[in-house]
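So the structure is just underneath, and the comments pick up after that.
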Amino acid sequence: MKKKLLVVAVSATLGLTGCIQTKENIREYTDVSMQKADILPSKETIAGAKQKIVIFPADTTDSPLGKSSHTGTAISTALETHLAEVGVEIVDRNIARKLKKELALAESKGKSQYSGPDIADYAITGNVSNASLSYDFTARKSYTNDDGKTSVTPAHCRFTATVAANLKLYKLPGLAYSKTITTEDKASFSTDTSNSRCPISNASANALIRKAAKAGVESNRAKFQNFFAPKAYVLERKVNGDKSLFKISAGKNFGFKPESTITFYNLEVKANPLTGDVAIEEYAVVEGTITSNLISDNFAWILVDDEYADQVKLGDYVKVKYEKSTFGDLTTKMTTSFNSGLKNMFN
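First residue of the sequence shown: 0, per numbering that gives the first Met the number 0; consecutive thereafter.
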C-alpha cells in the first residue's frame, strides 16, 4: 500500500497547478457606476503602443572566460526570451549601433546625449564582472553495508561555472539611468574519470559558463519582467455579491495572460500642507486575477474578491505582478525525494 500512496501523492501534487482556472459567467454580474480617478489617462495613453526595448550583449572586456564563451550574447538572448513574454517589442540591436556607442560614452564619462533615430523606449546594457570555472576531483569509493552489499562510487570530476553581471536599464531618448540589476548564478556537471587533472574540452567549458550566465538571468527574471510589466486602464466594473469584475483596456496583444496576478494602482494629486507644492503619489489598491474565459487580444476582465475593490476608480491603471517561479525547484526536490523513496522500497 505504501508504494502506491507515494506515487499517487507525487502525481497529485505535480498536477495541482494545471487544474485551477478562474472562470466567471459575466451574465451573472451587474453594471455599477465608478468614481473617476484624480488623474485620467489620455486617449493616446489608453491606445498606447508596446514598449520598445533594445538589448545589447553584456560587455566582456574584463572577463577573458566571458569573452571566449560569448557570455554577453547568452545574457542578452536570455533577456530577450523573458521580456518577450511581457508583450514588449524587442528592437533589432543591429540597427542601434550609434545608440550603443552613446551608451558606452554615457557610462564612461557620464554624458547623456543621443541624437540618433527614435528606435526604442529603453535600452539594456552592462558588463560581465566575473566568469570562472572550477573543478573538484573525487577518488573512487566503496562501501559495504551490514548486509554485505557493496556500493561503489566511481572516481569523478565535478565542474562548476560561476557568472556575475551588472545590467543597467536606460530610458530613451535622453539616456536617463533607471536601474541596475545584478545577476549571479552557478551551473555544474559531473563526469566519471580517473584523471585527477579533470580535463575538459573548450566546447564543454564554454557551454557550462553560458549556462551559468542564463541561470543568473532566470533567477532575476521577475525583476526584469516587473520593470517592463504591461500596463492598462480600468474601463468599467460589474459586481455579483462580494465579487467584482473589472474590464481593462488591453489584453493578450500587450502581454496580459489568463490567470495572471494583477495589481491595481491609484494616482492621486497631493499638496504639501507646509509648502503648497503639488506632487503625484501612487498607491497599490488591491490585487486580482485575469479570468481565463473573459480575455481577448484587446481587453480582459479581472476578478477581484476583496473589500478593497470599492476603492478602484475609473481610469486607475493595472500591471501584471510577476513572481519568481518556485515550481521548478519544487519539482526537482520532489523528484529527488521520489527517486530516493523508490530506492528504499525496492532495495
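In this text, a Cβ means the ideal position worked out from N, Cα and C, and glycines have one as well.
Only a predicted model underlies this, so the values are computations on that prediction, with no experimental measurement involved.
Sub-7 angstroms separation of residue i and residue j beta-carbons
i: residue 262; j: residue 21; result: no
i: residue 314; j: residue 232; result: yes
i: residue 160; j: residue 199; result: no
i: residue 316; j: residue 230; result: yes
i: residue 130; j: residue 162; result: yes
i: residue 240; j: residue 295; result: no
i: residue 204; j: residue 132; result: yes
i: residue 167; j: residue 179; result: yes
i: residue 277; j: residue 310; result: no
Buried or exposed (CB count within 10 angstroms, at least 16 for buried), residue i
i: residue 312; result: buried
i: residue 268; result: exposed
i: residue 282; result: exposed
i: residue 153; result: exposed
i: residue 92; result: buried
i: residue 63; result: exposed
i: residue 184; result: buried
i: residue 123; result: buried
Beta-carbon proximity list for residue i, same chain, < 8 angstroms, skipping 5 on both sides
i: residue 82; result: 52, 54, 89, 223, 224 and 227
i: residue 188; result: 157, 158 and 207
Inter-residue spacing [alpha-carbon to alpha-carbon] between residue i and residue j
i: residue 121; j: residue 173; result: 10 angstroms
i: residue 19; j: residue 257; result: 11 angstroms
i: residue 155; j: residue 202; result: 19 angstroms
i: residue 85; j: residue 24; result: 27 angstroms
i: residue 65; j: residue 71; result: 7 angstroms
i: residue 237; j: residue 292; result: 16 angstroms
i: residue 186; j: residue 148; result: 34 angstroms
i: residue 326; j: residue 299; result: Caution applies to residue 326, whose pLDDT of 48 falls short of 50 and renders its modelled position unreliable; the model cannot decide the point.
i: residue 318; j: residue 41; result: 18 angstroms
i: residue 45; j: residue 190; result: 56 angstroms
Range covered by the alpha helix (DSSP H) that runs through residue i
i: residue 347; result: Nothing can be reported for residue 347: it is not among the residues displayed for the chain, which extend from 0 to 346.
i: residue 43; result: 42-45
i: residue 244; result: Careful: residue 244 lies outside any alpha helix (DSSP H), inside the beta strand (DSSP E) at 242-247.
i: residue 67; result: 63-67
Close-in-space but distant-in-sequence residues of the same chain around residue i (CB under 7 angstroms, 5 per side omitted)
i: residue 221; result: 321, 322 and 323
i: residue 234; result: 246, 247 and 248
i: residue 302; result: 21, 23, 242, 244, 287, 288 and 290
i: residue 213; result: 73 and 77
Close-in-space but distant-in-sequence residues of the same chain around residue i (CB under 6 angstroms, 5 per side omitted)
i: residue 58; result: 126
i: residue 280; result: 267 and 269
Limits of the unbroken beta strand (DSSP E) element including residue i
i: residue 183; result: 175-191
i: residue 226; result: Careful: residue 226 lies outside any beta strand (DSSP E), inside the alpha helix (DSSP H) at 220-226.
i: residue 234; result: 230-239
i: residue 125; result: 121-137
Closer than 6 angstroms: residue i CB and nearest the ligand MG heavy atom
i: residue 236; result: This structure simply doesn't include the ligand MG, nor any ligand for that matter.
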